[in-house]
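Engineer: Before we start, here is the structure in question, set down as structure tokens.
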Amino acid sequence: GNSVTQMEGPVTLSEEAFLTINCTYTATGYPSLFWYVQYPGEGLQLLLKATKADDKGSNKGFEATYRKETTSFHLEKGSVQVSDSAVYFCALSGLNTDKLIFGTGTRLQVFP
Amino acid sequence: NAGVTQTPKFRILKIGQSMTLQCTQDMNHNYMYWYRQDPGMGLKLIYYSVGAGITDKGEVPNGYNVSRSTTEDFPLRLELAAPSQTSVYFCASSYSVGEETQYFGPGTRLLVL
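Have a look at this one:
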């Protein structure tokens, strides 16, 4: 079945450091891929998405590229801020399926 | 637009009590979902609905019930609360599926003692 694997957290960084959060997936066909972010005390919100191979999603300085050959969708940001501290979830949605499959989430903590 | 709203924000239940978690969306979305989030476990789908009058089970439906009488509302019912149902519950909605974004409510924190 479809599944998503994320690197375990927490990821602890200093402000302005480079961020990578790894995400790999298993799916039949060509799923759409998402990164959602959950700030403390809030619900999840979409950060970025990619719907086909080699697409790059980007938002708020974050980027992720849909790599079919490595079944990956790693999240990157060149210079993190304290305000980026949150939990990040990778997710996939198969073609014509009703459901999102989420990873377990990766907590990011950024210190000044 | 208010988006997806959930009530209550927090509730303490005794074992065996019942309650309904409310969820309303004002985006005219066909699809609605209920998830639970346990620490370190990500989100698990409890129930979902593809339109008014249509519901289906997700990954962890035991101990819960839902109904969808209108497009806007998708309440989640706990009939006999158990400590294992202590969790944070999120409602979400989307216009369609596949590449469509899901919009989440702020969550309901439930503690069963």
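Keeping their order, the protein sequence lines are chains Y and Z. FYI, in the working numbering the residues of the first sequence are 1 to 112. FYI, in the working numbering the residues of the second sequence are 1001 to 1113. Built from N, CA and C at the ideal position, the CB exists for glycine as well. Computed from a predicted structure; not experimentally measured.
If you draw a straight line from the C-alpha of K1014 of chain Z to the C-alpha of G1063 of chain Z, how long is it?
Structural biologist: Here residue 1014 of chain Z refers to the residue found at position 14 of the second sequence. Here residue 1063 of chain Z refers to the residue found at position 63 of the second sequence. So the alpha carbons of these two residues sit roughly 15 Å apart.
Engineer: For the beta strand (DSSP E) that contains Q6 of chain Y, what are its first and last residues?
Structural biologist: One-based indexing of the first sequence puts residue 6 of chain Y at position 6. Looking at the DSSP string, the run of the beta strand (DSSP E) that includes Q6 of chain Y is 3-6.
Engineer: Near R1109 of chain Z, which residues of its chain fall below 6 Å by C-beta distance, leaving aside the five closest residues on each side in sequence?
Structural biologist: Start at 1 with the first residue of the second sequence, and residue 1109 of chain Z comes out as number 109. Result list for R1109 of chain Z: F1010, V1088, in chain order.
Engineer: What is the residue span of the beta strand (DSSP E) that S1094 of chain Z lies within?
Structural biologist: As a working mapping, residue 1094 of chain Z is identified with position 94 in the second sequence. It spans 1087-1094 - the beta strand (DSSP E) in which S1094 of chain Z sits, taken as one unbroken run.
Engineer: Between the Cα of A27 of chain Y and the Cα atoms of Y:K77, Y:T70, Y:D84, which residue gives the shortest distance?
Structural biologist: Indexing the first sequence from 1 puts residue 27 of chain Y at position 27. The option with the nearest alpha carbon to A27 of chain Y is Y:T70.
Engineer: Nearest by alpha-carbon distance to N1075 of chain Z: which of Z:V1060, Z:T1055, Z:Q1085 is it?
Structural biologist: The residue labelled residue 1075 of chain Z in the question sits at position 75 within the second sequence. Checking the sequence, you will find Pro at residue 1075 of chain Z rather than Asn. Closest option to P1075 of chain Z, Cα to Cα, is Z:T1055.
Engineer: Taking a cut of 7 Å between CB atoms, which residues from the segment 1085-1113 of chain Z lie near chain Y?
Structural biologist: Of all residues in the segment 1085-1113 of chain Z, F1090, V1097, G1098, E1099, T1101, Q1102, F1104, G1105, P1106, G1107 have a Cβ within less than 7 Å of some Cβ in chain Y.
Engineer: Against chain Y, does G1063 of chain Z count as a neighbour if the rule is that its beta carbon must be under 8 Å from one of theirs?
Structural biologist: In the second sequence, counting from the first residue as 1, residue 1063 of chain Z sits at position 63. Chain Y, which has no Cβ nearer than 8 Å to the Cβ of G1063 of chain Z, makes this no.
Engineer: Let me see if you follow: with CB-CB separation under 8 Å, is K99 of chain Y close to chain Z or not?
Structural biologist: Counting from 1 along the first sequence, the entry for residue 99 of chain Y is found at position 99. So, interface residue.
Engineer: What residues of chain Z sit near F102 of chain Y, judged by a beta carbon separation below 7 Å?
Structural biologist: Taking the first residue of the first sequence as 1, we reach residue 102 of chain Y at position 102. What F102 of chain Y touches in chain Z: G1042, L1043.
Engineer: Going along the chain, which residues of the segment 1048-1063 of chain Z sit with their C-beta nearer than 8 Å to a C-beta in chain Y?
Structural biologist: Per Cβ criterion, the list reads Y1048, V1050, D1056, G1058.
Engineer: Closer than 7 Å by beta-carbon distance: list the chain Z residues that pair up with G43 of chain Y, in chain order.
Structural biologist: Counting from 1 along the first sequence, the entry for residue 43 of chain Y is found at position 43. Residues of chain Z passing the Cβ test: F1090, F1104, G1105, P1106, G1107.
Engineer: Going along the chain, which residues of its own chain have a beta-carbon closer than 7 Å to the beta-carbon of Q152 of chain Y, five neighbours each way excluded?
Structural biologist: Residue 152 of chain Y lies beyond the range of chain Y shown here (1 to 112); nothing can be said about it.
Engineer: Start and end of the beta strand (DSSP E) containing V11 of chain Y?
Structural biologist: In the first sequence, counting from the first residue as 1, residue 11 of chain Y sits at position 11. That run of the beta strand (DSSP E) goes 11-14.
Engineer: Taking Cβ-Cβ distances shorter than 9 Å, what residues in chain Z pair up with F89 of chain Y?
Structural biologist: Here residue 89 of chain Y refers to the residue found at position 89 when the first sequence is read from its first residue. Residues of chain Z passing the Cβ test: G1042, L1043.
Engineer: Counting only runs that start and end within the segment 15-61 of chain Y, where is the beta strand (DSSP E) found for 3 or more residues in a row?
Structural biologist: For the segment 15-61 of chain Y, whole beta strand (DSSP E) runs of length 3 or above, ordered along the chain, are 19-21, 23-26, 32-38, 44-50, 56-59.
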